[in-house]
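**Q** The structure follows.
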Amino acid sequence: MVTQIKPQTQDNRPRKNAPKSLFDPKIIKRALVESFLKLDPRLVAKNPVMFVVEVGSVITTYLWIKEVATHTGNPLFTGQVTLWLWFTVLFANFAEAMAEGRGKAQADTLRKTKTETVARKLTNNREERVSAALLRRGDLVVCEVNDVIPGDGDVVEGIASVDESAITGESAPVIRESGGDRSAVTGGTKVLSDRIVIRITANPGEGFIDRMIALVEGAQRQKTPNEIALSILLAGLTIVFLLAVVTLLPFAAYSVRAAGSGTPPTITVLTALLVCLIPTTIGGLLSAIGIAGMDRVMQHNVLAMSGKAVEAAGDVNTLLLDKTGTITLGNRQAVEFIPLKGVDISELANAAQLSSLADETPEGRSIVVLAKETYGLRGRELASHEAEFIPFTAQTRMSGVNMDGVQVRKGATAKVKEFVVLQGGTCPNELDDIVTRIASIGGTPLAVALNDKPLGVIYLKDVVKGGMKERFDALRAMGIKTVMITGDNPLTAKSIADEAGVDDFLAEATPEDKMNLIKREQEGGKLVAMTGDGTNDAPALAQADVGVAMNTGTQAAKEAGNMVDLDSNPTKLIEIVEIGKQLLMTRGALTTFSIANDISKYFAIIPAMFITTFPVLGALNFLRLTNAGTTPESAILACVIFNAIIIIGLIPLALRGVAYRPMNAGAVLRINLIKFGLVGVLLPFPFIMAIDWLLTHLHLA
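Start counting at 1 in the sequence shown, then tack on 75, and there's your number in my numbering.
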């Protein structure tokens, strides 16, 4: 049930200039180079799991050099372990570099739009040509056909068609005009028609292209709270296993002396054991998952200020959506002609269409379309009839046409009734009854009259966008509460809310009402997301956990939000929530898989290490790995190789994300445990056995 809370013009396809392939050759080449640069201990130290692996790689490298130089030990085994440990670190670096590389490829595309543009600056009403780099906030510039807009700004004079494909990836031009909510322009876009005067709103280095380049690079991405918590968990597991492995050496030496058989494990074996026990898979992919989440948002033409904003979207509990343009089409549409008794409906439709032929408002055009599609009435050529069109004014609150001695009017009921009376006619009470009924369900009634005869009423209503109810149902299944915000009266708001299927609505909303609503939700421990484009939305956007500002909105709104939708499509907030949830689901799935596949490695390594000392452990060697009864080398090397290869094998999943389906947290956990947990336990067994067999037959172990 919907209760009041008291006081698609563009699609959401990924941007066209995004890399089309996960493994674009240019990105791979750059990532390979970055993989080696990221071996810098200062960088690896930020990831405790991979830092331990790198330290282990250094230790085994030293041991291998020592064994080769002194002709002691088993340099073939130590060298292979060393090689695969370095590969493990490189593969983890490669995963992160691949994710960053996709962002850097987008940044390269954006840099191409920052050419040495010459701006036509207005100074004291005189035009002078200056470098765009010299423009400052508040400067006025002129742009005409084929001019590149030199910087971010607002149109203060004129109207023009603008090509924004360099920024949004959409080929269709957009209209930008002074005043209203379509005045914002972005530097690097191109004027296709007419002439506009722009007031620059950003200093050099502060524009959207500059911010996009800095953000999509990914290298300075901030870790999110959940990611930090997971990093602490992984660090904790690493410390636990590190202590276990360190204490294993004296325990093994004591056991060998007590049993009188076997040999204690070498430092190389213990290092390999540690690397296989700690959660290297998720440790190697964690950064890539977070960066890929930001990348997926960018592919939908949304500029996220940080990874925290993307992840917060995945934890959103309450979604605030503006009614006009988000839930509804944005303009009231004619949906029905209601004639008075004794009036043929075709006569009403004909009069309604005649009165709207010169009405270029969306409402007027919808009346013409309804008459055409429902009653077969087509637009007529009225030039020969010497028609006089009567435009709508705030004083008359009517519009219509005079022709061939006939006067047709449509408009506010009170004004149409006055017109009828002045023509010598009367209006039945039935007209007021119809008007009251339409108003009671949130519609807008327009009365229609022909000379002194009232004909009936045109029913206008906010049309809910197709599929919105289903999308809200999907959000409800995810445990997200939807709230419609509107300036309409409660009656109209309730009607639209019922039809759209939102959970609650906020009617006659003021900036203070929006802020208070968000604060109440947050005080209850909930995360809130909302969209906005006006200065009056700025406080609420700043207060919301996920604030998505429209690129065509005011500068105040864009600065207040932590995301900016370059397409200015408010319904995209739903996609942002889905991407955030997909990021969390991907991280959860790969964490489950990483911890689960460590279990299988225990069964491969532990029996092989101690079976000569404790033969009873042979019962755990159900894999029957080659030579497990005499030497652990092939088993350990097989696990180390699998441990490295699985990281690169999971890179596509980390970058693309797991398949997203709306579901609650309990269902996600069950799927992770069944699908990724079970697969994580079972998958390593056949691969470790195959690698062990291959190593033995190639005499590498």
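Think of the CB as a built atom: it goes at the ideal place given N, C-alpha and C, for glycine as much as any other residue.
Tell me the rounded alpha-carbon separation between Ser643 and Cys218.
**A** Going from the Cα of Ser643 to the Cα of Cys218 covers about 22 Å.
**Q** Are at least three pairs of beta-carbons, each pair with one atom in the stretch 192-210 and one in the stretch 376-387, less than 8 Å apart?
**A** Not touching, per the Cβ criterion.
**Q** Is the beta carbon of Leu525 less than 8 Å from the beta carbon of Val577?
**A** Not in contact: Leu525 and Val577 (Cβ atoms no closer than 8 Å).
**Q** Could you have a look at Leu506 and say whether DSSP puts it in helix, strand or coil?
**A** Helix at Leu506.
**Q** Excluding sequence positions up to five away, which residues of its chain have a Cβ less than 8 Å from the Cβ of Gly233?
**A** Only Glu252, Ser253, Asp269, Arg270, Ile271, Val272 meet the Cβ criterion.
**Q** Could you have a look at Phe126 and say whether DSSP puts it in helix, strand or coil?
**A** Three-state DSSP puts Phe126 in a helix.
**Q** Whose C-beta lies closer than 6 Å to the C-beta of Ile654 among residues of the same chain, with five residues either side of it excluded?
**A** Answer for Ile654: Arg371, Val372, listed in chain order.
**Q** Taking 6 Å as the limit between beta carbons, can you name the residues of its chain near Phe668, skipping five residues before and five after?
**A** Around Phe668: Phe751, Gly755.
**Q** By alpha-carbon positions, which one of Met553, Lys556, Leu581 ends up nearest to Gly562?
**A** Comparing Cα positions, the closest option is Leu581.
**Q** Rounded to a whole number of angstroms, what is the C-alpha to C-alpha distance between Phe316 and Ala568?
**A** Each residue's alpha carbon lies about 59 Å from the other.
**Q** What is the residue span of the beta strand (DSSP E) that Met684 lies within?
**A** From DSSP, Met684 is part of no beta strand (DSSP E) but of the alpha helix (DSSP H) over 647-685.
**Q** Can you tell me which of Leu521, Leu209, Asn200, Thr261 puts its alpha carbon nearest to the alpha carbon of Asp222?
**A** When each option's Cα is compared against that of Asp222, the closest is Thr261.
**Q** Return the chain-ordered ranges of every alpha helix (DSSP H) run that is complete within the stretch 525-564 and spans a minimum of 4 residues.
**A** 543-552, all fully within the stretch 525-564.
**Q** For Pro225, I'd like the list of residues in its chain whose CB is within less than 7 Å of its CB, leaving aside the five on either flank, ordered along the chain.
**A** Cβ neighbours of Pro225 beyond the five flanking positions: Thr192, Ala194, Ala207, Leu210, Val216, Gly262.
**Q** For the putative contact between Met478 and Glu463, defined by C-beta atoms under 8 Å, what is the C-beta separation to the nearest angstrom?
**A** Right, their Cβ atoms sit about 7 Å apart.
**Q** With distances taken Cα to Cα, identify the nearest neighbour of Leu730 among Ala635, Lys556, Ala522, Ala172.
**A** It is Ala172 whose Cα lies nearest to the Cα of Leu730.
**Q** Whole angstroms is fine: what's the gap from Asp608's alpha carbon to Phe717's?
**A** Between Asp608 and Phe717, the C-alpha separation is close to 51 Å.
**Q** Is Leu210 helix, strand or coil by DSSP?
**A** It is coil, neither helix nor strand.
**Q** What distance in whole Å lies between the Cβ atoms of Ala572 and Met559, which are believed to be in contact at a cut-off of 8 Å?
**A** That belief holds up - the Cβ atoms of Met559 and Ala572 are roughly 5 Å apart, short of 8 Å.
**Q** Spatial neighbours of Pro614 within its chain, please: CB distance less than 6 Å, with the 5 preceding and 5 following residues excluded, ordered by chain position.
**A** Once the five neighbours on either side are set aside, the close Cβ partners of Pro614 are Pro586, Met590.
**Q** What are the boundary residues of the beta strand (DSSP E) that includes Ser474?
**A** 473-478 is the span of the beta strand (DSSP E), which, as asked, contains Ser474.
**Q** Going by DSSP in three states, Met173 sits in which element: helix, strand or coil?
**A** Met173: helix per DSSP, three-state reduction.
**Q** Start and end of the alpha helix (DSSP H) containing Gly338?
**A** Here residue 338 is Thr; the residue named in the question, Gly, does not match the sequence. That residue, Thr338, is in no alpha helix (DSSP H); it is neither H nor E in DSSP.
**Q** CB-CB under 8 Å to Ala319, same chain, minus the five flanking residues each way: which ones, in chain order?
**A** Cβ neighbours of Ala319 beyond the five flanking positions: Leu352.
**Q** Could you check which residue in Ile674, Lys121, Leu616 has the C-alpha nearest to that of Ile303?
**A** Considering only alpha carbons, the answer is Lys121.
**Q** Mind listing, in chain order, the continuous alpha helix (DSSP H) runs of no fewer than 4 residues lying wholly within the stretch 304-355?
**A** Whole alpha helix (DSSP H) segments, 4+ residues: 342-352.
**Q** On the CB-based measure, 16 or more other CB atoms within 10 Å of its CB, does Lys676 come out buried or exposed?
**A** It is buried - the Cβ of Lys676 has at least 16 other Cβ atoms within 10 Å.
**Q** Straight-line CA distance for Arg201 to Asp214?
**A** Going from the Cα of Arg201 to the Cα of Asp214 covers about 13 Å.
**Q** Can you check the stretch 388-425 for any alpha helix (DSSP H) of at least 4 residues that lies completely inside it and give the ranges in chain order?
**A** Complete alpha helix (DSSP H) runs here, min 4: none at all.
**Q** Start and end of the alpha helix (DSSP H) containing Glu232?
**A** No alpha helix (DSSP H) contains Glu232, which is instead part of the beta strand (DSSP E) from 228-238.
**Q** If Gln408 and Val538 are in contact, beta carbons under 8 Å, what's the gap, nearest whole angstrom?
**A** Contact flag correct, Cβ pair sits at about 5 Å.
**Q** Do Thr157 and Thr136 have their CB atoms nearer than 8 Å?
**A** Closer than 8 Å, so yes.
**Q** Whose CA, out of Leu521, Thr436, Leu773, Leu404, lies closest to the CA of Leu423?
**A** The shortest C-alpha separation from Leu423 is found at Leu521.
**Q** Are the Cβ atoms of Gly439 and Leu658 separated by less than 8 Å?
**A** Their beta carbons are not under 8 Å apart, which means Gly439 does not touch Leu658 by this criterion.
**Q** Helix, strand or coil for Lys492 per DSSP?
**A** Of the three classes helix, strand and coil, the one that applies to Lys492 here is helix, per DSSP.
**Q** On the DSSP letters alone, give me the boundaries of the beta strand (DSSP E) that Arg274 sits inside.
**A** Here the beta strand (DSSP E) through Arg274 covers 271-275.
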